[in-house]
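Protein chains in written order, with our numbering: chain A, 3 to 261; chain B, 3 to 261.
Read through the structure below, which is laid out as structure tokens, and then see the notes.
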């Protein structure tokens, strides 16, 4: 919702276009140079930050809704997206308590009726995505003042149940890391073993055994050595590696055991 | 719903007690003596079998709904239950097409109006559970004629999107197996390494390296050797092992790397 009229139409008649009570929320992780961040949105109607999300349209599937929202917020299409958990506890989003009615009137010139479709309880399906931070262009909208990256180990307190959601996304991503080669789009097409090890250490949040880790990837044929070295001087030029596309695609859908 | 009057009340006024459009479905796996099965229900109104499930009550959380349904179907309380995926594709359960109206009238003496709350699209949150088959007492109800175990590698074609759901549950359980000690309640308190290896092979659907596998469990302190052997004669009496409760409980919530 980029304009006032779009925003008003959404509050007024959104139930015609969206499935009431059903949202997706997206934990969009960003990696760059050894730091892992999470993309958050500052909604003008809430005092706390939250993860980007939105209602699911009547004519779209859950993963389509998640793809639409992550693309809109980052400007990137076809990000690796994975459902991690659904949140449906009683009173989880408590929309009546969360909205600041005065601010809402200020922003939209509207008063929200008690039976407005947005005030019913929602179940939210959580997805996570991972991108290289330099590829993303975070985008706020009419009802959000900011959309920005925060380091995962220094998140602000989040609105609704989004603290729990962010931790669940991180936990799920860290387990998936052992089974799906989700880091491919975070590396250059040619990379060194040091670079892929740093990536996996930051994503997993722990130190990896320096010899075991890349050996396992090589043994699984997931990455292979190129006949080319990075030129950083006469000595110790590290060899380049690349992902093997076929094994990578198979692993992404079927899973494997990376550890 | 065990009686006609309960069933009629559910169809008529269930929207007062349940959250319309929101169900849980439960993949209840059963293990015994090296065979893995799935519990299925034969609904009298459907031609195919399906997984046990039901609407979420207005006053309960998602995991409470899943616990209520698994307990009702198996007679067992406090089973290990884990959310694995939510299903919300457009037209996924197509309730109008799935119901046999004549059979419905025969069973209940009712005609379902076009705007009945049960005919709206539902989103279903999938949970899986695992139990020892001998502990479960499968239970049918007024609108189901049977509730029975099927080997996971010989399932009948299932109704709605339950084929996809069953495969997704199996896939998720097999990945979780590497991170959560979910098999504890399938073994006796004292077990041999051969027994735990067989259990993990059947659950994971693949052969495990006979020396590596138990060594890893022992190295993680998840299981430990007892000073006691099974008495099966003078020679080759296998040593008993047990789970270490503290490490087990921690691993169940925090995860670990079992492979």
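Glycine included, C-beta positions come from ideal geometry on N, C-alpha and C.
| Item | Value |
| --- | --- |
| Along the segment 175-192 of chain B, where does the CB come closer than 7 angstroms to a CB of chain A? Name the residues. | 177, 180, 181 |
| Could you pull the start and end residues of the beta strand (DSSP E) that residue 153(B) belongs to? | 146-153 |
| From the beta carbon of residue 88(B), is the nearest beta carbon of chain A less than 7 angstroms away? | yes |
| Listing by chain order, which chain B residues have their CB less than 8 angstroms from the CB of residue 267(A)? | There is simply no residue 267(A) to check, as chain A begins at 3 and stops at 261 in what is shown. |
| State the CB to CB distance for the pair residue 28(A) and residue 152(A), rounded to an integer number of angstroms; the pair is presumed to be in contact (CB under 8 angstroms). | About 15 angstroms separates the two Cβ atoms, so there is no contact after all. |
| Beta-carbon of residue 205(B) versus every beta-carbon of chain A: anything under 7 angstroms? | no |
| Between the beta-carbon of residue 341(B) and the beta-carbon of residue 161(B), is there less than 7 angstroms? | Nothing in the structure corresponds to residue 341(B), since chain B is present only between 3 and 261. |
| Check for me: the alpha helix (DSSP H) holding residue 7(B) runs from which residue to which? | 6-15 |
| Quick one, which residues of the segment 113-127 of chain B are near chain A if we go by CB-CB under 7 angstroms, in chain order? | 125, 127 |
| For residue 1(B), would you say it is in contact with chain A, using Cβ-to-Cβ distances shorter than 7 angstroms as the test? | Past the boundaries of the shown model lies residue 1(B); chain B is included only from 3 to 261, so the question cannot be answered. |
| In angstroms with no decimal places, state the Cα-to-Cα distance between residue 105(B) and residue 144(B). | 13 angstroms |
| I'd like to know if residue 160(A) contacts chain B, where contact means its C-beta is closer than 7 angstroms to some C-beta of that chain. | no |
| Compare the C-alpha of residue 107(B) against each of 70(B), 47(B), 90(B) and name the closest. | 47(B) |
| Taking the Cβ atom as the reference point for each residue, do residue 349(B) and residue 127(A) lie within a distance shorter than 7 angstroms? | No answer is possible for residue 349(B): it lies beyond the span of chain B, which begins at 3 and ends at 261. |
| Taking the alpha-carbon positions, what's the residue 42(A) to residue 51(A) distance? | 6 angstroms |
| Going along the chain, which unbroken runs of the beta strand (DSSP E) with 3 or more residues stay wholly within the segment 124-186 of chain B? | 125-134, 146-153 |
| Please tell me whether residue 44(B) and residue 147(B) are closer than 7 angstroms, where the distance is taken between their beta carbons. | yes |
| I'd like the list of long-range same chain contacts for residue 205(A), defined as Cβ closer than 6 angstroms, with 5 residues on each side in sequence excluded. | 179 |
| DSSP on residue 206(B), reduced to helix/strand/coil? | helix |
| At a CB-CB cut-off below 7 angstroms, which residues of chain B make contact with residue 42(A)? | What residue 42(A) touches in chain B: nothing, since even the nearest Cβ is about 23 angstroms away. |
| Let me know the secondary structure DSSP gives residue 49(A) once reduced to three states. | coil |
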